[in-house]
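Structure first, then comments.
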Amino acid sequence: MLAIIIDDSRAMRLILRRIIAKIGFDAVEAGDGQAALDTIAELTEPPQLALVDWNMPVMNGLEFVTRARKDPRLRDMTLVMVTTESEQSQIVRALAAGAHEYVIKPFTEDSMIDKLALLGLTPTGANP
Amino acid sequence: MGLSASDFAFVAALVRRESSIVLAPGKEYLVEARLIPVARQVGAAGVAEFLASLQRMPNADHQRRVVDALTTNETSFFRDREPFTALTDVVVPQLVKARGAQRRLRVWSAASSSGQEPYSLAISLQESLPPGWDYDIVGSDISTEMIKRSEAAEFSQVEVNRGLAAQQLVQYFERSGAHWRVVQSLRRHVSFQRLNLTAPLPPLPPFDVIFLRNVLIYFDVATKRTVLRNVARLMRPDGWLFLGAAETTIGIDDNYERVTAGRTSAYRLRAAVPAGAAGRM
Amino acid sequence: MSVQTVPNVADLAEMVEQVWTSYLDPEGVEPLIPVEKGANSSEVHSSVSITGSWQGVVVYGSSQEAAKQAAAAFLAMEPDEVSAEDLADVLGELANIVGGNVKAMLPAGCFLSLPQVVLAPESASRYPSAVQVAGLYGTWKGEPISVTMWQSRTDVKEGGVA
Chain A
1 MLAIIIDDSR AMRLILRRII AKIGFDAVEA GDGQAALDTI AELTEPPQLA
51 LVDWNMPVMN GLEFVTRARK DPRLRDMTLV MVTTESEQSQ IVRALAAGAH
101 EYVIKPFTED SMIDKLALLG LTPTGANP
Chain B
1 MGLSASDFAF VAALVRRESS IVLAPGKEYL VEARLIPVAR QVGAAGVAEF
51 LASLQRMPNA DHQRRVVDAL TTNETSFFRD REPFTALTDV VVPQLVKARG
101 AQRRLRVWSA ASSSGQEPYS LAISLQESLP PGWDYDIVGS DISTEMIKRS
151 EAAEFSQVEV NRGLAAQQLV QYFERSGAHW RVVQSLRRHV SFQRLNLTAP
201 LPPLPPFDVI FLRNVLIYFD VATKRTVLRN VARLMRPDGW LFLGAAETTI
251 GIDDNYERVT AGRTSAYRLR AAVPAGAAGR M
Chain C
1 MSVQTVPNVA DLAEMVEQVW TSYLDPEGVE PLIPVEKGAN SSEVHSSVSI
51 TGSWQGVVVY GSSQEAAKQA AAAFLAMEPD EVSAEDLADV LGELANIVGG
101 NVKAMLPAGC FLSLPQVVLA PESASRYPSA VQVAGLYGTW KGEPISVTMW
151 QSRTDVKEGG VA
């Protein structure tokens, strides 16, 4: 299983990579939304999961989610916002734009794994 | 650092006396880690200094803090998930048939710790009961500190990140400074009281569903039996008891029978289960 | 009359504690220990600006050693292996996380900037038109750490904050 981790912090990408490796995901990384779209375009198959920061240079995460939702090729990609944006109104905006789940920074490893389990992404690899 | 054997023995005896919970040797590291914040709160230089002064001069408030720190279970919203799924998919539909006259369910979250379980139960019932039904949820815990926290219904960012779907977070919580608070429309169904499960329980109206999870594991067999007997008295004859995944009534209390409930197990009072009403295991 | 709600020290402390629980001290054995407002002894710092209905800056400062230890914890490497780039990345992310959570406690309609990192003491960055409205000071592994909130002065006058 492949995920794309989109965050402008290398440290955050590494933390997320370590966590999702525990439930069987390999990962490619991108530092902003546009770089992520470029990376995905070059893959023969799109990732099953995208972990998306909100505040990034070039193209922010909300814009990425909006674009990904409109792309038929990415129809089956699960979108999880992972961001410090934590107002209720922001969560609602992200869900409305098409994010499937929302994890607020700071998060613990357990909480991230729990969220992915809610989406049917579990260590056994059972996919919805 | 590390806790001395005599400090550990002192803490273990205190916790055993106040809560019946047994701290086995080997848990020194855990005890020390849990007591670091307590020592800081009371202004002691460290855990060793804090315990030394507590042994020299007993202090009820400090003793209570120690017991609270060591008996509080790690918890999260919808912990283990399966029992909540069983509740909404299996138990609620059956109870809705059986309680058509009352249109009201009563659920007990025993040893509810910081309150995630009772509020998760409230969300479950809110989302699964037919319109026109009402419900009461009672959370109980031995710790007054936990009861206070639960009544405040405020959870940290880290706590709400765990187990709740984003949709549930925006629907059932509102931001309150650094915290998230359960909305009033849910809170009004949930009340709390301090209860010691090992002592005789006060008379309460009986419950349709009881969640008693990850509590029995801390007790020896005789205490487990006492707790299960106490709980049975507060359970409706056709009620449902959910235990933790590693817990059972089997070999401890024959009044209960294990039944399948969705993808997990529940326990029902033997005499009351009509033949064939539930799949026996 | 609506009350101007600006996060106080307790709010900052709770948020910072959660950052520690999540990334820097998951075992709960090396917490950030609050101290009375001491000398602001940062050697490196990072900041995010908040604009909109509230205007100001949230600054994370620490000693060089604390920053190195934090980067090592985030990146799961030895402190000696931490590069200047790693240090800047982690300091930036710390300001981003704290700043984003501060923003959520402010009146609606605020925006967060990308983090700015300066590998020099806070005195190198001046927030000339801002006054400090909240500050959390602590030590971690014996090293100083601070999180401060600075409100733009024009904003202070309008909001009536003393």
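Sequence order for the protein chains is A, B and C. Residue 1 is where the first sequence starts when you use the UniProt record's numbering, and the numbers rise one by one after that. Residue 1 is where the second sequence starts when you use the UniProt record's numbering, and the numbers rise one by one after that. Residue 1 is where the third sequence starts when you use the UniProt record's numbering, and the numbers rise one by one after that. Beta carbons are placed, not taken as given, at the ideal position from N, Cα and C, and that holds for glycine. Quick caveat: nothing in here was measured; it's all calculated off a predicted structure.
The C-alpha of residue 18 of chain A is placed about 23 Å away from the C-alpha of residue 38 of chain A. Around the Cβ of residue 144 of chain B, a 10 Å sphere holds fewer than 16 other Cβ atoms; the residue is exposed. For residue 177 of chain B, the C-beta contacts it makes with chain C under 9 Å involve 5, 7, 8, 10, 11, 14 and 105, in order along the chain. When B:220, B:269, B:96 and B:102 are compared, the shortest CA-CA separation from residue 247 of chain B is found for B:220. Rounded to the nearest angstrom, the gap between the Cα atoms of residue 120 of chain C and residue 182 of chain B is 43 Å.
In this model, residue 239 of chain B and residue 196 of chain B are separated by some 21 Å (Cα to Cα). The continuous stretches of alpha helix (DSSP H) do not include residue 149 of chain C, which lies in the beta strand (DSSP E) extending over residues 143 to 152.
Within 10 angstroms of the beta-carbon of residue 19 of chain B lie 16 or more other beta-carbons, which makes it buried. Annotation for residue 238 of chain B: no alpha helix (DSSP H) segment contains it, though the beta strand (DSSP E) segment containing it runs 235 to 243. Using a CB distance below 8 Å, no part of the segment 38 to 71 of chain C faces chain B. Assignment of beta-bridge partners to residue 54 of chain C by DSSP yields no partner. Apart from sequence neighbours up to five positions away, the residues of its chain that approach residue 189 of chain B with a beta-carbon distance below 7 Å are 122, 135, 136 and 137, ordered along the chain. Comparing C-alpha distances from residue 169 of chain B to each of A:90, A:121 and A:60 shows the shortest one belongs to A:90. Taking 7 Å as the cut-off, the Cβ atoms of residue 33 of chain B and residue 28 of chain C count as close.
Against residue 119 of chain C, chain A offers no close residue; the least beta-carbon distance is about 16 Å (beta-carbon pairs closer than 8 Å). In the DSSP assignment, residue 84 of chain A falls outside any alpha helix (DSSP H), carrying neither H nor E.
Burial check for residue 115 of chain A: the Cβ neighbour count within 10 Å reaches 16 or more, so the residue is buried. The beta carbon of residue 84 of chain B sits closer than 7 Å to the beta carbons of 78, 120 and 124 from its chain, once the five residues preceding and following it are set aside; these are given in chain order.
The Cβ of residue 166 of chain B sits closer than 7 Å to at least one Cβ of chain A. Taken atom to atom, the span from the alpha-carbon of residue 103 of chain A to that of residue 187 of chain B is near 24 Å.
Sequence-distant Cβ neighbours of residue 73 of chain A in its own chain, meaning closer than 7 Å and more than five residues away, are 46. Residue 141 of chain C and residue 50 of chain B have their C-alpha atoms some 21 Å from each other. In terms of beta-carbon proximity, residue 60 of chain A stays away from the interface with chain C, with every pair separated by 7 Å or more. In the three-state reduction of the DSSP assignment, residue 220 of chain B falls in the coil class, being assigned neither a helical nor a strand state.
Under the 10 Å beta carbon count, residue 29 of chain B is surrounded by fewer than 16 other beta carbons and is classified as exposed. Excluding the 5 residues flanking it on each side, residue 103 of chain C has same chain C-beta neighbours closer than 6 Å at 50, 110 and 112, in chain order. Look at residue 264 of chain B here: in three-state DSSP terms it is strand. Taking the CA atoms as reference points, residue 203 of chain B sits about 16 Å from residue 141 of chain B. Unbroken beta strand (DSSP E) runs of no fewer than 3 residues, entirely contained in the segment 50 to 112 of chain C, are found at 56 to 62 and 110 to 112, following chain order. When B:87, B:179, B:36 and B:184 are compared, the shortest CA-CA separation from residue 65 of chain B is found for B:36. Contact note: residue 94 of chain B does not reach chain A at a C-beta cutoff of 7 Å; the least C-beta distance is about 26 Å.
Residue 86 of chain A has its alpha-carbon roughly 14 Å from the corresponding atom of residue 18 of chain C. Closest by C-alpha distance to residue 86 of chain B, out of B:223, B:14, B:261 and B:271, is B:261.
Put simply, the backbone Cα of residue 157 of chain B is about 7 Å away from that of residue 180 of chain B. When only Cα atoms are considered, residue 242 of chain B and residue 266 of chain B end up about 5 Å apart. Taking C-beta separations shorter than 6 Å and ignoring five residues to either side along the sequence, the partners of residue 88 of chain B in its chain run 124 and 128, following chain order.
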